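Visitor: Handing you a structure now.
In this note's numbering, the protein residues as written are 83 to 721.
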């Protein structure tokens, strides 16, 4: 792949002179330039939403095809990065948004506070601007000219393509660390990465060690440092490939911009969801890479994570004791995979549920993944039982309250890129064992398709899913109540596999995790105004420098908090809740400033569309003669 041409520098002499000019105080040059750019692009109060998606013109639909098609972009390099970031880097943090008064003071007092979704979708190249509202592009993340160092963790890389998304004036100067899992010298992916690094002297490849041949380095994350002493952590679901950032559904979580710690800052480690606990867990995760991330840990130790809201849920190659024999609240062992997820779920407290005349419904878990491994039903039962048993509501082995969203062959064929988007979407549907697993899961399987409720459409049914989300709703989404409130939500790199979440070994009484994975869990209480007043929870293991952590405390009972699904945008309506707020409170406790509505951007339509009795999951190992929207068959037209 050819390097894109660079803009002519003011100094002369090409790259060598550019490097020489770097000695002439580049920090002040970049700061002055960025300050000027920020001043001319700053929004006027009241601020508007600045992310508007790619400016792709609408595409005329060819006539005479049984499936409406858009032009084939298989060989297209994707949207060309703009010469400047789409918005200032400071706009990336999610701010709490309060509803402004539009009438009398009585109306103002009755209006709840609304909070934008902590998760965002990525922009889709071939969808309209209205379908890309509040989305984030790769250039939004790494296009800031003040970035001085970037650590990029991922599974697959196209280095030359990736570097084009850094600002044109600094892409040869930014220190880039590429962390991948191809540690064997003969691995083709490693050879390709190292070859690209020779073309980019400022890019260094770091191979994470994987002790198990079936494990992968599947974590997807940026850690960014800027010249103005800020840092940011971005956790997402996309490989560093053009295909993943063009027409596939992906999502990201971004930390606020993190300042450096003040002298004599309090080092207490708080409860799950707090910034101090997130930092602690993040540093423990990075420590699993050994000396290869020592420099990164040293830098992050200087930064203040107090503004972060979310719990880190991660996996590293490891062995753990039987979770039933290990305390899920305290204990001196760090837990990874599904034991780690269960520990967080056990520690967090559900938001107060209003009292209704009807019985409290059973929560419903929707798992939306891009890969389903060949799994024994004993593992599937153990995994979901472990998650639900935090509420002690689900009988062991029951899948009645679980839905798994995974596309059918028809869903893939109708997607923007047709069958070409199906390569990274994996399950097997050939052998008797595979078909038996599908039969066992059939009642849980739902399609990636347009839903029946026009008011609850995510506008992503045409963008094939590479995203992974696990969302627990207060009850099963139905036609009568398509968007129930949400108990918790996890955005992660982890699909449904034993490598990612851990396999239980009966003989050894242990759980074995084989892969690196990373995700962020959120829940309503994180966005309470009094969350900072909650007493912190002691970490799994505290070293001699962290002996001032305290014990769990109680939550204020005054705040009423709802997390609700939002579609097509990140910010919920003040009236969003299920059941409606008017039904959730007695007249003397109507919605007011103590009520908070937190949005969660949903990538799929609700209610879900179940598989038909003969439908099977998409499998890239199968052959499909039905032509996709571009008139191609799989795999015969992709040789």
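The beta carbon of each residue, even a glycine, is placed where N, CA and C say it ideally should be.
Here the structure is a predicted model, which is why all the values come from computation and not from measurement.
What residue range is occupied by the uninterrupted alpha helix (DSSP H) comprising residue 454?
Guide: Here residue 454 is taken as the residue at index 372 of the chain shown, counted from 1. Looking at the DSSP string, residue 454 is not in any alpha helix (DSSP H), and its letter there is neither H nor E.
Visitor: Using only alpha-carbon positions, find the residue among 254, 521, 525 and 516 that is nearest to residue 484.
Guide: Along the chain shown, one-based indexing puts residue 484 at 402. It is 525.
Visitor: Straight-line CA distance for residue 337 to residue 451?
Guide: Numbered from its first residue, the chain shown carries residue 337 at position 255. Numbered from its first residue, the chain shown carries residue 451 at position 369. So the alpha carbons of these two residues sit roughly 23 Å apart.
Visitor: Could you round the C-beta distance between residue 388 and residue 355 to whole angstroms and report it? I think they count as a contact, below 8 Å.
Guide: Counted from its first residue, the chain shown places residue 388 at position 306. Counted from its first residue, the chain shown places residue 355 at position 273. Not a contact, Cβ separation roughly 12 Å.
Visitor: Quick check on residue 544: buried or exposed, where buried means 16 or more other Cβ atoms within 10 Å of its Cβ?
Guide: To locate residue 544, count along the chain shown from 1; it is residue 462. With 16 or more other CB atoms across the displayed protein chains lying within 10 angstroms of its CB, residue 544 is buried.
Visitor: According to DSSP, simplified to helix, strand and coil, what is residue 697?
Guide: Here residue 697 refers to the residue found at position 615 when the chain shown is read from its first residue. In the structure shown, residue 697 sits in coil (DSSP, three-state: anything other than H, G, I, E or B).
Visitor: Please name the residue in 269, 513 and 527 whose C-alpha comes closest to that of residue 694.
Guide: Residue mapping note: residue 694 aligns to position 612 of the chain shown, counting from 1. The shortest Cα separation from residue 694 among 269, 513 and 527 belongs to 527.
Visitor: Does residue 720 pass the burial test, meaning 16 or more other C-beta atoms within 10 Å, or should it be called exposed?
Guide: In the chain shown, counting from the first residue as 1, residue 720 sits at position 638. Exposed, by the Cβ-count rule.
Visitor: Use the C-beta contact count for residue 482: other C-beta atoms within 10 angstroms, 16 or more gives buried, fewer gives exposed.
Guide: Counting from 1 along the chain shown, the entry for residue 482 is found at position 400. Within 10 angstroms of the beta-carbon of residue 482 lie fewer than 16 other beta-carbons, which makes it exposed.
Visitor: From what residue to what residue does the alpha helix (DSSP H) around residue 517 run?
Guide: Locating residue 517 in the chain shown gives position 435, counting from the first residue. Looking at the DSSP string, the run of the alpha helix (DSSP H) that includes residue 517 is 514-523.
Visitor: Since residue 581 is in the alpha helix (DSSP H), which residue starts that stretch and which ends it?
Guide: Residue 581 sits at position 499 when you count from the first residue of the chain shown. It spans 580-583 - the alpha helix (DSSP H) in which residue 581 sits, taken as one unbroken run.
Visitor: Could you tell me which residues DSSP pairs with residue 202 in its beta bridges?
Guide: Reading the chain shown from its first residue, position 120 is the one you call residue 202. Partner(s): 334.
Visitor: In this structure, does DSSP put residue 169 in helix, strand or coil?
Guide: The residue you call residue 169 lines up with position 87 of the chain shown. Interpretation of residue 169 is limited by its pLDDT of 41, a score under 50 that renders its predicted location unreliable; the figure taken from the coordinates is listed afterwards. It is coil, neither helix nor strand.
Visitor: Specify the secondary structure class of residue 160 as computed by DSSP and reduced to three states.
Guide: In the chain shown, the residue the question calls residue 160 occupies position 78. With a pLDDT of only 46 at residue 160, under 50, the local geometry of the prediction cannot be trusted, and the value read off the model is given with reservation. If DSSP states are grouped into helix, strand and coil, residue 160 belongs with coil.
Visitor: Among 429, 684 and 505, which has the Cα closest to the Cα of residue 555?
Guide: Stepping through the chain shown from its first residue, residue 555 is reached at position 473. Selected option, being the one with the closest Cα: 684.
Visitor: Quick check on residue 574: does DSSP put it in helix, strand or coil?
Guide: Locating residue 574 in the chain shown gives position 492, where the first residue counts as 1. Residue state, collapsed to three classes: strand.
Visitor: Among 540, 383, 449 and 415, whose alpha-carbon lies nearest the alpha-carbon of residue 573?
Guide: What you label residue 573 is simply residue 491 of the chain shown in a count that begins at 1. Per the Cα distances, 449.
Visitor: Kindly indicate which residue of 552, 361 and 567 has the alpha-carbon position closest to the one of residue 386.
Guide: Counting from one through the chain shown, the residue named residue 386 turns up at place 304. Nearest option by C-alpha distance: 361.
Visitor: By alpha-carbon positions, which one of 699, 219, 220 and 430 ends up nearest to residue 518?
Guide: Start at 1 with the first residue of the chain shown, and residue 518 comes out as number 436. That would be 699, whose Cα lies nearest to the Cα of residue 518.
Visitor: Have a look at 391, 343 and 396 and flag the residue whose alpha-carbon is nearest the alpha-carbon of residue 381.
Guide: Residue mapping note: residue 381 aligns to position 299 of the chain shown, counting from 1. The residue with the shortest Cα to Cα distance from residue 381 is 343.
Visitor: In chain order, what residues of the same chain have a beta carbon less than 7 Å from the beta carbon of residue 400, not counting five sequence neighbours either side?
Guide: The count along the chain shown starts at 1 and reaches residue 400 at position 318. Here the set comprises 418 and 595.
Visitor: Can you check whether the CB of residue 308 is closer than 7 Å to the CB of residue 223?
Guide: As a working mapping, residue 223 is identified with position 141 in the chain shown. As a working mapping, residue 308 is identified with position 226 in the chain shown. No, these two residues do not count as a Cβ contact at 7 Å.
Visitor: Along the chain, where does the alpha helix (DSSP H) containing residue 243 start, and where does it finish?
Guide: Taking the first residue of the chain shown as position 1, residue 243 is located at position 161. In the DSSP assignment, residue 243 falls within the alpha helix (DSSP H) that extends over 241-245.
Visitor: Contact defined as beta carbons within less than 8 Å: I believe residue 396 pairs with residue 601. What is the distance between those atoms, to the nearest angstrom?
Guide: Counting from 1 along the chain shown, the entry for residue 396 is found at position 314. Counting from 1 along the chain shown, the entry for residue 601 is found at position 519. 7 Å between Cβ atoms; contact.
Visitor: With distances taken from CA atoms, which of 245, 509 and 259 is nearest residue 377?
Guide: One-based indexing of the chain shown puts residue 377 at position 295. The shortest Cα separation from residue 377 among 245, 509 and 259 belongs to 259.
Visitor: Enumerated in chain order, which unbroken segments of the beta strand (DSSP E) with a length of 3 residues or greater are wholly contained in the stretch 233-277?
Guide: 257-262
Visitor: Would residue 730 be called buried (16 or more neighbouring beta carbons within 10 Å of its own) or exposed?
Guide: What is shown of the chain runs 83 to 721, which leaves residue 730 out entirely.
Visitor: Pull up the distance between the alpha-carbon of residue 214 and that of residue 324, whole angstroms please.
Guide: Walking along the chain shown from the start, residue 214 turns up at place 132. Walking along the chain shown from the start, residue 324 turns up at place 242. Roughly 18 Å separates the two Cα atoms.
Visitor: Roughly how many angstroms lie between the CA atoms of residue 299 and residue 289, to the nearest whole one?
Guide: Translated into the one-based positions of the chain shown, residue 299 becomes position 217. Translated into the one-based positions of the chain shown, residue 289 becomes position 207. If I take the Cα positions, the gap works out to 9 Å.
Visitor: If we call anything under 7 Å between Cβ atoms a contact, is residue 508 one with residue 453?
Guide: As a working note, residue 508 is residue 426 in the chain shown. As a working note, residue 453 is residue 371 in the chain shown. Contact: yes.
Visitor: Taking the continuous alpha helix (DSSP H) assigned at residue 421, which residues delimit it?
Guide: One-based indexing of the chain shown puts residue 421 at position 339. Segment 419-429, the alpha helix (DSSP H) holding residue 421.
Visitor: Is the distance from the Cβ of residue 330 to the Cβ of residue 239 below 7 Å?
Guide: On the chain shown, residue 330 is found 248 positions in, with the first residue counted as 1. On the chain shown, residue 239 is found 157 positions in, with the first residue counted as 1. Against a cut-off of 7 Å, the Cβ pair of residue 239 and residue 330 comes out as no contact.
Visitor: Any idea which residues DSSP pairs residue 314 with across the strands?
Guide: As a position in the chain shown, residue 314 is number 232, starting the count at 1. 306, per the DSSP bridge assignment.
Visitor: I need the DSSP call for residue 721, collapsed to helix, strand or coil.
Guide: As a first step, residue 721 must be located in the chain shown, where it is residue number 639. Coil at residue 721, not helix or strand.
Visitor: Run through DSSP, which three-state label would residue 195 get?
Guide: For the purposes of this step, residue 195 is taken as the residue at position 113 of the chain shown. In the structure shown, residue 195 falls within a strand segment according to DSSP collapsed to helix, strand and coil.
Visitor: Measuring alpha carbon to alpha carbon, tell me which residue in 548, 196 and 282 is nearest residue 302.
Guide: Start at 1 with the first residue of the chain shown, and residue 302 comes out as number 220. Of the candidates 548, 196 and 282, the one whose C-alpha sits nearest the C-alpha of residue 302 is 548.
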